[in-house]
Amino acid sequence: MTVLIDPPAWPAHGMLWSHLVSDTSLDELHAFAAANGIQRRAFDLDHYDVPDRRHDELIAAGAHPVSGRELVRRLIGSGLRVPARDRAPRH
Numbered sequence: 011m012t013v014l015i016d017p018p019a020w021p022a023h024g025m026l027w028s029h030l031v032s033d034t035s036l037d038e039l040h041a042f043a044a045a046n047g048i049q050r051r052a053f054d055l056d057h058y059d060v061p062d063r064r065h066d067e068l069i070a071a072g073a074h075p076v077s078g079r080e081l082v083r084r085l086i087g088s089g090l091r092v093p094a095r096d097r098a099p100r101h
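The sequence shown lines up with residues 11 to 101 when you count with the numbering used here.
Listed below in structure tokens is the structure:
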């Protein structure tokens, strides 16, 4: 089981956000998120968006901290990455 989290660096809604992914399966990712009280609405096709205040807590729960670049590299390598061109446009 490898759940990864990048540093909180993505601004939105007045705070910074991290991405939480699995390099193994979405089932693993959903199970980790549910076990840690992350609501399904935070899921965005291949990752969960988590606020900066949860970062250290999720690492303590078993998420492996990696750089944003490493997170993307591992997500692509897993075959779970959903490319931007396949995402619905946001308005």
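Cβ coordinates follow ideal geometry from the N, Cα and C atoms, glycine included. Note that the structure is a prediction, hence the values are computed from the model and not measured.
* Do Asp27 and Pro75 have their CB atoms nearer than 8 Å? -> For the purposes of this step, residue 27 is identified with residue 17 of the sequence shown, where counting begins at 1. For the purposes of this step, residue 75 is identified with residue 65 of the sequence shown, where counting begins at 1. It should be noted that the sequence gives Trp, not Asp, for residue 27. In this structure, the beta-carbon distance from Trp27 to Pro75 does not fall below 8 Å.
* Contact set for Asp33: own chain, Cβ-Cβ below 8 Å, skip 5 residues either direction -> Walking along the sequence shown from the start, residue 33 turns up at place 23. Cβ-Cβ distances below 8 Å link Asp33 to Thr12, Leu14, Arg84, Leu85, Gly87, Ser88, Leu90 in the same chain, with the five nearest sequence neighbours on each side left out; the list follows chain order.
* To do: Return the bridge partner residues of Ala22 from the DSSP annotation.
  => For this step, residue 22 is matched to residue 12 along the sequence shown. In the DSSP output, where bridge partners are listed per residue, Ala22 has Met25.
* To do: Between the Cα of Ala73 and those of Trp20, His23, Leu30, spot the shortest distance and give me the residue it belongs to.
  => Taking the first residue of the sequence shown as position 1, residue 73 is located at position 63. The candidate whose alpha carbon is nearest that of Ala73 is Leu30.
* Asked: Which class does Arg62 belong to by DSSP, given the choice of helix, strand or coil?
  -> By one-based count along the sequence shown, residue 62 stands at place 52. It should be noted that the sequence gives Asp, not Arg, for residue 62. When secondary structure is reduced to three states using DSSP, Asp62 falls in the helix class.
* Can you tell me where the beta strand (DSSP E) with Leu55 in it begins and where it stops? -> To locate residue 55, count along the sequence shown from 1; it is residue 45. Unbroken run through Leu55: none, as it is neither H nor E.
* Opposite Val31 in the DSSP bridges: which residues? -> Position 21 of the sequence shown holds residue 31. Its beta-bridge partners are Leu14.
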